[in-house]
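Shown next, in structure tokens, is the structure this report addresses.
So, in structure tokens, the structure goes:
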């Protein structure tokens with residue numbers, strides 16, 4: 054029965070990857086400083102101009118504005134998070150389609166040509182979307198084609214060396230885009246009349262030879278936007294699909310098939326698992342379906358013609374395609390949430406990697422055995438934590454659905470998407486990592502201040518001792534001369550003869566006070582050795 058269940062509509066596959074793979078190695082630290090900044094965001098919106106093989110998407114901006122008019126997107130979402138979308142020219146599209154076609158047998162029918170688009174984000178991600186129109190195609194055939202494009206099902210008539218999976222084609226699209234940008238981003242310090250704290254333009258070198266790593270390695274999401282599901286030519290209602298064809302819909306979202314004797318069927322899924330999917334149907338109307346998983350979304354929106362739909366808060370009065378635009382905007386919002394998950398996951402991996410170095414560094418900090426490399430690693434960690442705040446405030450705002458989406462229905466759908474993707478769990482992990490990194494940096498700074506204070510005290514103590522010893526040595530050297538010169542001082546008057554006779558004071562007593570003065574100088578020098586360091590410590594503490 055599942056082989057006869059057929060669909061009409063549109064399928065899109067969204068790939069999210071890091072643009073770092075296409076940045077020249079020597080410029081990656083500079084690019085990391087730009088990620089999330091207003092300067093980079095302004096460049097993406099106004100300064101990025103491909104040479105002609107990629108051009109702006111003809112309908113994407115209109116769709117986003119319609120999403121705002123239909124009260125799905127807030128204006129803040131459009132201004133802060135949505136950036137221009139580009140599509141390749143016909144020649145590039147033909148080459149990419151030919152690469153995908155090699156994953157199917159020569160005698161198999163090829164669906165309508167795929168269309169391709171690309172978008173950059175302010176946080177350093179790149180989104181590649183592949184779409185094709187589905188026309189009266191069995192659900193199992195859709196799943197089989199998707200598995201073939203992923204390399205999960207090998208064709209029998211094509212050599213393995215000729216096969217290029219969907220992942221690789223997505224990478225090739227980004228590589229072609231970087232080449233069309235003259236293999237460089239040149240970011241001017243002046244953007245649309247705004248001057249940023251830069252003197253010279255920033256040059257970021259791009260490379261179409263991305264890092265050779267095993268595929269797949271990126272996040273991906275499937276979106277099925279169907280306006281008709283039929284069985285033996287008869288259109289099925291949403292209620293019929295919920296009660297009689299839920300396992301087939303679940304299999305489509307799971308993107309899994311069983312092959313036996315050349316026939317493909319969906320596996321026998323647990324009834325409870327399928328029922329849970331249907332239970333969380335987020336469609337508002339009885340004739341719709343909105344089924345969500347972490348890997349795929351199914352939006353079933355059959356037409357209500359000839360009825361005309363009027364949406365609350367919308368100025369699209371009597372627009373014939375308002376209903377389709379509504380659900381296309383919902384699909385665009387799901388794409389945004391999936392991208393957001395990839396972005397926060399990138400931050401989570403970055404902070405976890407930095408935190409992994411802290412254990413060894415903390416032990417070295419405590420023991421005082423830091424090398425120059427260790428010190429530089431700590432400084433780099435502090436810089437990276439600072440750079441996180443280019444992206445964290447924007448992401449934290451987007452993680453609250455009501456901040457970027459408007460209607461209750463849209464908020465419920467996207468909140469469910471975030472829960473399925475575990476975005477808030479990742480956010481808490483990032484927060485914990487940042488707190489622990491800050492605690493380590495604070496601990497290091499405290500010990501560093503103590504070390505610097507001890508070093509300063511040691512220096513002052515050494516200088517004080519040296520000064521005191523020199524003073525003492527100088528005193529011993531000058532005492533004989535001091536005694537000798539003291540006799541000839543004009544203000545020194547020996548005792549009168551009659552006083553000596555009366556007091557019976559020997560003549561040697563004339564020099565007694567000079568001896569006392571000399572001893573006082575010696576004692577003061579010795580006292581300075583012990584008093585000055587303590588006075589310095591008292592002054593520093595205050």
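Residue numbers (our numbering): 54 to 595. C-beta: ideal position from N, C-alpha, C; glycine also.
Per-residue burial, residue i [other beta carbons within 10 Å of its own, 16 or more giving buried]
i, result
"residue 442", "exposed"
"residue 338", "exposed"
"residue 329", "exposed"
"residue 158", "exposed"
"residue 477", "exposed"
"residue 323", "exposed"
"residue 305", "buried"
"residue 397", "buried"
"residue 374", "exposed"
"residue 453", "exposed"
"residue 129", "exposed"
"residue 413", "exposed"
"residue 576", "exposed"
"residue 163", "exposed"
"residue 233", "buried"
"residue 556", "Any reading at residue 556 must be qualified, since the residue scores a pLDDT of 47, below 50, and its modelled position is unreliable; the value itself is stated next. Looking at its Cβ environment, which holds fewer than 16 other Cβ atoms inside 10 Å, residue 556 is exposed."
"residue 60", "buried"
"residue 432", "exposed"
"residue 509", "exposed"
"residue 175", "buried"
"residue 57", "exposed"
"residue 425", "exposed"
Integer-rounded CB distance, given that residue j should sit under 8 Å from residue i
i, j, result
"residue 276", "residue 384", "5 Å"
"residue 71", "residue 182", "About 17 Å separates the two Cβ atoms, so there is no contact after all."
"residue 138", "residue 98", "Contact doesn't hold; Cβ gap of about 12 Å is too wide."
"residue 331", "residue 299", "5 Å"
"residue 236", "residue 258", "7 Å"
"residue 125", "residue 459", "6 Å"
"residue 278", "residue 380", "6 Å"
"residue 67", "residue 391", "6 Å"
"residue 178", "residue 456", "Their Cβ separation, rounded to whole angstroms, is 20 Å, which puts residue 178 and residue 456 out of contact at 8 Å."
"residue 353", "residue 294", "7 Å"
Three-way DSSP call (helix, strand, coil) for residue i in this model
i, result
"residue 498", "helix"
"residue 182", "strand"
"residue 63", "strand"
"residue 334", "coil"
"residue 364", "coil"
"residue 383", "helix"
"residue 206", "coil"
"residue 349", "strand"
"residue 217", "coil"
"residue 227", "helix"
"residue 82", "helix"
"residue 139", "strand"
"residue 443", "coil"
"residue 327", "helix"
"residue 391", "helix"
"residue 109", "strand"
"residue 282", "strand"
"residue 170", "strand"
"residue 288", "strand"
Minimum Cβ-Cβ distance from residue i to chain B less than 8 Å
i, result
"residue 140", "Absent here is chain B; the protein component of the structure consists of one chain."
Nearest candidate by alpha-carbon position, reference residue i, set the options
i, options, result
"residue 103", "312, 228 and 455", "228"
"residue 145", "77, 117 and 107", "107"
"residue 606", "81, 400 and 272", "The structure shown does not extend to residue 606, since the chain is modelled only from 54 through 595, so no value can be given for it."
"residue 111", "200, 169 and 217", "169"
"residue 386", "184, 465 and 431", "465"
"residue 308", "205, 395, 77 and 167", "205"
"residue 83", "207, 239, 191 and 218", "239"
"residue 326", "346, 432 and 130", "346"
"residue 411", "401, 430, 393 and 394", "430"
"residue 156", "191, 219 and 230", "219"
"residue 351", "57, 63 and 58", "63"
"residue 136", "149, 100 and 151", "100"
"residue 401", "481, 290, 440 and 69", "481"
"residue 141", "439, 515 and 150", "150"
"residue 470", "422, 344, 378 and 425", "344"
"residue 364", "356, 354, 355 and 376", "376"
"residue 77", "186, 462, 274 and 231", "231"
"residue 201", "225, 226, 152 and 187", "152"
"residue 161", "349, 194, 282 and 490", "194"
"residue 609", "422, 428, 444 and 427", "Since the first and last residues shown for the chain are 54 and 595, residue 609 lies out of range."
Does the count of Cβ pairs from the stretch 469-488 and the stretch 404-411 closer than 8 Å reach three?
Taking one beta carbon from each stretch, the stretch 469-488 and the stretch 404-411 have 3 or more pairs nearer than 8 Å; the two touch.
Between the stretch 307-323 and the stretch 77-96, can you find at least three pairs of beta-carbon atoms closer than 8 Å?
Verdict: no, contact absent.
Can you confirm whether the stretch 443-456 touches the stretch 114-126 when touching is taken to mean that 3 or more C-beta pairs between the two stretches lie within less than 8 Å?
Taking 8 Å as the limit for Cβ pairs, the verdict is that the stretch 443-456 does not touch the stretch 114-126.
Would the stretch 490-500 count as touching the stretch 417-425 if we require 3 or more Cβ pairs under 8 Å?
Enough Cβ pairs lie closer than 8 Å, so yes.
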